[in-house]
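Chemist: Here the working numbering is used: the first residue of the sequence shown is 76, the next is one more, and so on.
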Amino acid sequence: MTDQRIPLKTCPVCSLAMVAEKSNEDAPRPDTFSCLHCGCVISIAPSDPDAGDD
Ligand SMILES: [Zn+2]
76 MTDQRIPLKT CPVCSLAMVA EKSNEDAPRP DTFSCLHCGC VISIAPSDPD AGDD
């Protein structure tokens, strides 16, 4: 069974699924994604008022 409670993010380098992690125990959702294949790490700001759609 695949846990799909959280959206999977794919690595921009190798397009494989990344491991979601929380930088803060209180975070409602993971904000850091690590690729175990190439070591790429992506951090997402939990709430950025200036963040647009892109
Ligand atoms: Zn990767």
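Don't be surprised by glycine CBs; every beta carbon is placed ideally from N, CA and C.
(1) Given that a residue counts as buried once 16 or more other Cβ atoms are within 10 Å of its Cβ, and exposed if not, what is Cys-113?
(2) Comparing alpha-carbon positions, which option in Ile-119, Pro-103, Arg-104, Ser-109 lies nearest Val-94?
(3) Pop quiz: Asp-101 and Ser-118 are said to be a contact at Cβ under 8 Å. What is the actual Cβ separation, rounded to whole angstroms?
(4) Excluding the 5 residues flanking Cys-115 on each side, which residues of the same chain have their C-beta closer than 6 Å to its C-beta?
(5) Any heavy atom of ligand 1 closer than 7 Å to the beta-carbon of Val-88?
Modeler: Once the coordinates are examined:
(1) exposed
(2) Ser-109
(3) Actually they do not touch by this definition, with Cβ atoms about 16 Å apart.
(4) Cys-86, Val-88
(5) yes
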